[in-house]
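In the working numbering, the protein residues as written are 9 to 181.
For each residue, glycine too, the CB sits at the ideal point set by N, CA and C.
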Amino acid sequence: MRSKKGQAAAEYLVTYGWALLLLVVVIAILLSTGIFNPSAFVGEECVMQPDIPCTAFQLYRSGSSTVLLMSVQNRLGYAMLLDEVKVTTTDLGRAGEYTWTTGSVGTELGQGENATVMFTFTGDRQPAPDDIERMHVALTYYSCAREVNSECGTSGNPHTVSGRVSARVLTTD
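Below you can see the structure in the form of structure tokens.
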């Protein structure tokens with residue numbers, strides 16, 4: 009009588025072969041949906057200090073440049089004079105780390121008022137749509153409290169607060 013060991017081995021391999029083929033198909037479907045893309049798990053945020061929060065932000069491509077719109081609110085309890093805003097980026101517009109400055113904004117913000125600051129990142133290094141960009145923000149202002157700076161000018165000591173922005177690049181199309 010002949011042994012059927014070869015047939016048992018073939019049936020074993022075929023059964024597990026189908027299971028492995030099904031597993032490969034499921035993994036391929038999951039990979040094609042983008043569920044394992046790390047940028048899908050990165051939250052967008054704009055974080056400043058609690059008394060000068062970032063109330064809205066947007067990062068989008070416009071032609072051959074990228075634009076950041078950021079709105080900050082004064083919750084200090086007194087007026088402030090917004091002097092300048094700096095954004096430090098890495099490989100956005102230019103290679104390596106670069107600091108973009110608005111220059112002197114000169115906007116006086118009363119208690120509870122908002123100011124919108126716009127940065128245009130130009131250059132040969134532009135992100136693709138849906139990329140996540142991370143930036144550091146430094147906001148310089150002068151206190152307009154009556155006890156410190158009653159004329160609300162650039163006299164006295166400037167104050168600087170830092171924060172960060174993580175945003176997904178949108179397109180204007």
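Test item: CB-CB of Ala-87 and Gly-118 under 7 angstroms:
Residue 87 sits at position 79 when you count from the first residue of the sequence shown. Residue 118 sits at position 110 when you count from the first residue of the sequence shown. Yes. Within cutoff.
Can you tell me where the alpha helix (DSSP H) holding Tyr-20 begins and where it ends?
Counting from one through the sequence shown, the residue named residue 20 turns up at place 12. DSSP places Tyr-20 inside the alpha helix (DSSP H), whose first and last residues are 13-41.
Touching by the beta-carbon criterion (3+ pairs, under 8 angstroms), the stretch 88-101 and the stretch 136-153:
Cβ pair count under 8 angstroms is three or more, so yes.
Going by C-alpha distance, which of Ile-60, Arg-69, Phe-44, Leu-28 is nearest Gly-171?
Start at 1 with the first residue of the sequence shown, and residue 171 comes out as number 163. For the residues Ile-60, Arg-69, Phe-44, Leu-28, the minimum Cα distance to Gly-171 belongs to Ile-60.
Residues in its own chain within less than 6 angstroms of Gln-134 by CB, not counting five upstream and five downstream?
In the sequence shown, counting from the first residue as 1, residue 134 sits at position 126. Cβ-Cβ distances below 6 angstroms link Gln-134 to Thr-74 in the same chain, with the five nearest sequence neighbours on each side left out; the list follows chain order.
For the beta strand (DSSP E) holding Asp-91, just list the boundary residues, first then last.
Sequence index remark: in the sequence shown, residue 91 carries index 83 (1-based). For Asp-91, the uninterrupted beta strand (DSSP E) run begins and ends at 88-98, by DSSP.
Three or more C-beta pairs below 8 angstroms linking the stretch 63-82 and the stretch 123-133:
These segments touch.
Three CB pairs or more closer than 8 angstroms across the stretch 20-39 and the stretch 136-150:
Touching, no, given that fewer than three Cβ pairs across the two stretches are closer than 8 angstroms.
CA-CA distance, Pro-137 and Thr-180?
As a position in the sequence shown, residue 137 is number 129, starting the count at 1. As a position in the sequence shown, residue 180 is number 172, starting the count at 1. If you take the alpha carbons of Pro-137 and Thr-180, they lie about 10 angstroms apart.
Under the three-state reduction of DSSP, which class applies to Phe-129: helix, strand or coil?
Here residue 129 is taken as the residue at index 121 of the sequence shown, counted from 1. Strand.
Cβ of Val-177 within 7 angstroms of Cβ of Val-145?
On the sequence shown, residue 177 is found 169 positions in, with the first residue counted as 1. On the sequence shown, residue 145 is found 137 positions in, with the first residue counted as 1. It is not a contact, given that the beta carbons lie outside the stated cut-off.
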